[in-house]
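Enquirer: Quick one: this structure, given as structure tokens, is what I'll be asking you about.
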Amino acid sequence: MRLSLLRLRRHKDFVGPERRLQRRRTIGRRLWPYLFVTPAALAIAAGFLYPLAKVVWFSFYSGSLGALTYVGTANYTGLWQDPVFFQSVLNNLKLLTTVPIMTILALLIALILNAQIRGWRQYRAIVFFPYILPATAIGLVFGYLLERNGVLNTQLRHWQLGWMAKDWLGSAADVVPAIGGVIIWQQLGFGVVVFAAALLAVPQELVEAAKLDGANGWQIQRAILIPYIRRTIEFFVVVEAITVLSSIFTYVYVLTKGGPAEASSVMEYYIFENGFENGAIGVASAAVVVLLVLACVLIGFYLRLRASGADTGR
Amino acid sequence: MHAERGFRRLCGFAVRDGTDRLTTITHRLRGARMRTFSNRTTRPRFRAGGLLALVAVLFAGSLITACPDSARAQNAATASGQAYAGKITYWFWGESDIPGIDKWMSSMVSAYEKLHPKVTINLVPQASDTLIGAFRLAAQSRSGPDIDTQWATLPTLTPYWDKAAVAISDYVPASETSQWLETSENAEGGKIVAMPIYLIGVPLVWNKQLFKEAGLDPNTPPKTWDAFLADCAVLKAHGITPFGMGNKDGYFGAWMFAIYLTQELNSLDEIKGAIGNTGSFSMTQFDGLLRNLYTMMQTLVQKGYLNSDVASLDLNQGWQLFPQKKAAMAFTTDGNVLSWGKALGEENIGVAEPPKWGHGKLADSYDVTQSSDEFITSWAPNKAAAAAFLVWLHDPANMKALYAETGAFPADERFPVASITDPLAQQLYQLDTAKTSIWLENYLPPQVDNDADLPAGQLITSKSGSPDQAVEIWNRVIQKWRVQQIPEYRQYRKWAGGNG
Chain A
1 MRLSLLRLRR
11 HKDFVGPERR
21 LQRRRTIGRR
31 LWPYLFVTPA
41 ALAIAAGFLY
51 PLAKVVWFSF
61 YSGSLGALTY
71 VGTANYTGLW
81 QDPVFFQSVL
91 NNLKLLTTVP
101 IMTILALLIA
111 LILNAQIRGW
121 RQYRAIVFFP
131 YILPATAIGL
141 VFGYLLERNG
151 VLNTQLRHWQ
161 LGWMAKDWLG
171 SAADVVPAIG
181 GVIIWQQLGF
191 GVVVFAAALL
201 AVPQELVEAA
211 KLDGANGWQI
221 QRAILIPYIR
231 RTIEFFVVVE
241 AITVLSSIFT
251 YVYVLTKGGP
261 AEASSVMEYY
271 IFENGFENGA
281 IGVASAAVVV
291 LLVLACVLIG
301 FYLRLRASGA
311 DTGR
Chain B
1001 MHAERGFRRL
1011 CGFAVRDGTD
1021 RLTTITHRLR
1031 GARMRTFSNR
1041 TTRPRFRAGG
1051 LLALVAVLFA
1061 GSLITACPDS
1071 ARAQNAATAS
1081 GQAYAGKITY
1091 WFWGESDIPG
1101 IDKWMSSMVS
1111 AYEKLHPKVT
1121 INLVPQASDT
1131 LIGAFRLAAQ
1141 SRSGPDIDTQ
1151 WATLPTLTPY
1161 WDKAAVAISD
1171 YVPASETSQW
1181 LETSENAEGG
1191 KIVAMPIYLI
1201 GVPLVWNKQL
1211 FKEAGLDPNT
1221 PPKTWDAFLA
1231 DCAVLKAHGI
1241 TPFGMGNKDG
1251 YFGAWMFAIY
1261 LTQELNSLDE
1271 IKGAIGNTGS
1281 FSMTQFDGLL
1291 RNLYTMMQTL
1301 VQKGYLNSDV
1311 ASLDLNQGWQ
1321 LFPQKKAAMA
1331 FTTDGNVLSW
1341 GKALGEENIG
1351 VAEPPKWGHG
1361 KLADSYDVTQ
1371 SSDEFITSWA
1381 PNKAAAAAFL
1391 VWLHDPANMK
1401 ALYAETGAFP
1411 ADERFPVASI
1421 TDPLAQQLYQ
1431 LDTAKTSIWL
1441 ENYLPPQVDN
1451 DADLPAGQLI
1461 TSKSGSPDQA
1471 VEIWNRVIQK
1481 WRVQQIPEYR
1491 QYRKWAGGNG
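The following block contains the structure:
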């Protein structure tokens, strides 16, 4: 059998030098695109895959660079046994609740502005302003505002609302909601601008037609405007979820440094504290791996939701 | 073989040259040679002639690039008649302890550069928050400062153990180091790792006017804990905040640990034994002491003897309550006392030892330390030049300038005590030098300090947990440190007198 195949191959080779040439050309043509992709693939491998592999490798070691000791899965076990790690994950999840709040608020403001009330452009600029401020500046300002005897509480006491005055950043119970409030305050403007732009793109004929059919303002918003900008809302939710999960380090660092007693620590801060302050690169790497898995799960969940949405034609 | 012969010649030259720098390179390269040789014997494929030639060329290349740095610097220095030449990067910290010290250091750098025109010193002031973390990061890549400032003892010894720092006593003669004060804080294996600049004590400071308003004797500070609590009660009854501090950053808690846990100890070996698990002092015993400390702190919080916003102010912010006359007492540094003396009038403030609370043999010590110190990094290309600059800082004229410009007490025997003429400063100097000096926080591994000492105090001042929970934090973090920092833990054990 093997002999006959060999003969056949030889026969083919013998009978068709042009075909051989053609086959080479075909192979060359097939490989050609990969050649173009190679630099990008190499760049991705060097810039992403290699560091990722290194992080996974570090997660099995103890000590700092230059004095590493192999500890197997001890860093992962350590994470599992570390209440601060769980507190950090929990705080990230708590802060995720800011996403629906800011989405709803941003949508409401955008719908109001979309009615093109007098001075709507100025209002839009004012609402957007916090978004362009650096998070460090916001952290410093809110650090002073939210002190126990800071501006906010002094004003509350002045308005006879002293019962609402709390030690916003100094109390373990209030610190995470306070940070969440700061995040909403800053990120809201982004949502408003994105939604307002999307609403401006809604064809006016649709709205006019609905009006002719007797739809009131609420019905127009609920049945036409919001469904029309659904993709934009989805985009905003995903961007903000990613922000809250992996880009809130600055707020926590400037406002509380994870305190009091690690009550406001988030995953990023946990990684920073272990990796940079304590030099425990293994633990920090293990936490990075867990964060990455968590982010992948969330992204997978979102993609699945989108896919099911597309299947049902929504 | 050719490369090896050439290498041997270079080694011989380096050793004969007699400079520390070249000897160090030689040792390093000797290690490299041994490794190369061993590789060749265990991996026959490397015997191939072509590869050997390539290795030889690369090896020679690396020697050419490694040696000239020092050789060139040395030759240039010798040729020009200058003692040293080159650039020194200096990560400096101190402003938080001694207001005005950054300015003094800048003037010192300028003066030194004028004296040695071929030396450039790049002074990089550091922040308290990132002092340890930034250097840890630099140490991991073995690049960054040539001279670094760290807090004394463990924050200084851990980089030394990690081979990120070299012992300064290897570069400075004993006749000089013997003039420095408190060098025992950074001594390891018979060597001195770092150089102190100043001494800093943490006294109790009280506002005599506010004491008077409350009907207390303005010239009698509370000496015992009971007297302290009684004074606090009287002040509070008169609507005066008895004690003003800030603990949002956890440093007030760390200060309470440093001041008051010391008073419960009979010797420093107890804390070292407990953390290093050497068997000389158990964690259970240590837990008991911690529980007492946090119960005492909880009492202060519950009775309202601390400012109500202690949990939402940083240590520095909390201090401001005293000069603003919003608190009657505080713990602060010598430098701040002098600064507040100017603001409030020296006759209006008093300084004394913190009230005695503990019952250990060390209860009679005083909380004074060199606080921060300067060491040379292991990767500094010209360690001798760095050492020369540091030694120059201890020149009596420069130490005198430090005192004149900042009021800080130089950590140097040669400093003439007679030049302290200010009565408040005299009192502070008397406190700093009269007793055994200990700052207990320095004996904690940085990770334990950061993850246990600071949060445990925050837990109490923010009313978020009990003393038992604070002790639990310590236990958890110490266990975690022992597993996560195995090399550091081994060194600590050895240092603590146990089996490394």
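Chains as they are written, first to last, in the numbering used here: chain A, 1 to 314; chain B, 1001 to 1500. Ideal placement from N, C-alpha and C gives every residue a C-beta, glycine not left out.
1) Bridge partners for P1445/B per DSSP, in chain order?
2) Kindly say whether P1487/B, judged by its beta-carbon, lies nearer than 9 Å to any beta-carbon of chain A.
3) In whole angstroms, what separates the C-alpha of L32/A from that of F195/A?
4) Check whether the Cβ of D1451/B lies closer than 9 Å to any Cβ atom in chain A.
5) Using the beta-carbon of each residue, which ones in chain B are nearer than 7 Å to V283/A?
6) State yes or no: is the beta carbon of T256/A nearer than 9 Å to at least one beta carbon in chain B?
7) For G1250/B, return the contacting residues in chain A, with the cut-off set at a CB-CB distance below 9 Å.
8) With 16 as the cutoff for other CB atoms within 10 Å, does I27/A come out buried or exposed?
9) Can you give me the Cβ contacts of G1407/B inside the same chain, cut-off strictly under 7 Å, excluding the 5 residues immediately before and after it?
10) Under 7 Å Cβ to Cβ from A178/A, same chain only, skipping five residues before and after it: list those, please.
11) Give the residues of chain B in contact with T250/A, contact being defined as C-beta atoms less than 8 Å apart.
12) Per DSSP, what kind of secondary structure is K1236/B in: helix, strand or coil?
13) State yes or no: is the C-beta of P1203/B within less than 9 Å of the C-beta of Q1209/B?
14) Please state if the CB of V55/A and the CB of L62/A are separated by a distance shorter than 9 Å.
15) Whole angstroms are fine: how far does the CA of S1280/B sit from the CA of N1269/B?
16) Hey, P1423/B and W1225/B: beta-carbon distance below 9 Å or not?
17) Starting from the Cα of L95/A, find the closest Cα among L292/A, A261/A, I242/A and G275/A and give me that residue.
18) Assuming T1089/B and D1146/B make a contact with CB atoms under 8 Å, what is their CB distance in whole Å?
19) Along the stretch 78-93 of chain A, where does the CB come closer than 9 Å to a CB of chain B? Name the residues.
20) Among G162/A, I224/A and N274/A, which one has its Cα closest to the Cα of A1134/B?
21) What in chain A is Cβ-close to P1455/B, meaning under 8 Å?
22) Quick one, are the C-beta atoms of Q1285/B and A1274/B less than 9 Å apart?
23) Are any of the Cβ atoms in chain A nearer than 9 Å to that of V1310/B?
24) Does the Cβ of W1439/B have 16 or more other Cβ atoms within 10 Å, making it buried, or fewer, making it exposed?
25) Round the Cβ separation of S171/A and S1464/B to the nearest angstrom and send it over; I've been treating them as touching at under 8 Å.
26) Once DSSP output is grouped into helix, strand and coil, what is the label at A1330/B?
27) Taking 9 Å as the CB-CB cut-off, is Q1447/B touching chain A?
28) Does N1442/B get closer than 9 Å to chain A when you measure Cβ to Cβ?
29) Could you name the residues of the same chain whose beta carbon sits closer than 7 Å to that of W1474/B, not counting the 5 residues immediately before and after it, in chain order?
30) Please list, in chain order, the residues of the stretch 50-77 of chain A that have any C-beta partner in chain B closer than 8 Å.
31) Taking 8 Å as the threshold, find out whether the stretch 252-261 of chain A comes into contact with the stretch 1108-1121 of chain B through three or more Cβ pairs.
32) Taking C-beta pairs closer than 9 Å, name the residues in chain B that F276/A reaches, listed in chain order.
33) Could you work out which residue in R29/A, Q87/A, P17/A and A67/A is closest to E268/A when comparing CA atoms only?
34) Inspect the beta-carbon positions of K1236/B and Y1305/B and report whether they are closer than 9 Å.
35) Name, please, each residue of chain A whose Cβ falls closer than 9 Å to the Cβ of S1378/B.
36) What does S1462/B reach in chain A if we use C-beta pairs closer than 7 Å?
Expert: Based on what the coordinates show:
1) Bridge partners of P1445/B: none, in fact.
2) Closer than 9 Å: yes.
3) Reading the sequence as shown, one finds Trp at residue 32/A and not Leu. Their Cα atoms are separated by approximately 43 Å.
4) Closer than 9 Å: yes.
5) The contacting residues are Q1484.
6) Yes, because at least one Cβ of chain B sits closer than 9 Å to the Cβ of T256/A.
7) Neighbours of G1250/B on chain A, chain order: K257, G259, P260 and A261.
8) By the Cβ-count criterion, I27/A is exposed, with fewer than 16 other Cβ atoms from all chains shown falling within 10 Å of its own Cβ.
9) Cβ within range, chain order: G1335, L1338 and A1425.
10) Once the five neighbours on either side are set aside, the close Cβ partners of A178/A are L146, W168 and L169.
11) Contact annotation for T250/A against chain B: no contact, minimum CB-CB distance about 14 Å [criterion: below 8 Å].
12) Three-state DSSP puts K1236/B in a helix.
13) Their beta carbons are not under 9 Å apart, which means P1203/B does not touch Q1209/B by this criterion.
14) The question names Leu, but residue 62/A in the sequence shown is Ser. For the pair S62/A and V55/A, the CB atoms are not nearer than the 9 Å cut-off.
15) Residue 1269/B is actually Asp in this sequence, not Asn. Between the alpha carbons of D1269/B and S1280/B lies a gap of roughly 8 Å.
16) Their beta carbons are not under 9 Å apart, which means P1423/B does not touch W1225/B by this criterion.
17) Looking at L292/A, A261/A, I242/A and G275/A, the one whose alpha-carbon comes closest to that of L95/A is I242/A.
18) Right, their Cβ atoms sit about 5 Å apart.
19) Taking 9 Å as the Cβ-Cβ cut-off against chain B, the residues of the stretch 78-93 of chain A that qualify are G78, Q81, D82, P83 and V84.
20) Put simply, of G162/A, I224/A and N274/A the residue whose alpha carbon is nearest the alpha carbon of A1134/B is N274/A.
21) Per Cβ cutoff of 8 Å: G259, P260, A261 and E262.
22) Yes, the pair counts as a contact, with Cβ atoms nearer than the cut-off.
23) It does: the Cβ of V1310/B has a partner Cβ on chain A nearer than 9 Å.
24) W1439/B is buried by the Cβ-count criterion.
25) Contact flag correct, Cβ pair sits at about 7 Å.
26) Of the three classes helix, strand and coil, the one that applies to A1330/B here is strand, per DSSP.
27) Yes - at least one Cβ of chain A is within 9 Å of the one on Q1447/B.
28) Any Cβ of chain A closer than 9 Å to the Cβ of N1442/B would place that residue at the interface, and such an atom is absent.
29) Cβ neighbours of W1474/B beyond the five flanking positions: L1290, A1452 and A1456.
30) Contact residues of the stretch 50-77 of chain A toward chain B are S62, G63, S64, L65, G66, A67, T69, V71, A74 and N75 (C-beta to C-beta distance below 8 Å).
31) In short, these stretches do not touch, since the Cβ pair count stays below three.
32) T1130, G1133, A1134, R1136 and L1137, listed in chain order.
33) Out of R29/A, Q87/A, P17/A and A67/A, Q87/A has the C-alpha closest to the C-alpha of E268/A.
34) In this structure, Y1305/B lies closer than 9 Å to K1236/B by Cβ.
35) Under the 9 Å cutoff, chain A gives no residues; its nearest Cβ is about 10 Å from S1378/B.
36) Contact of S1462/B with chain A by beta-carbon distance below 7 Å involves G170, S171, A172, P260 and A261.
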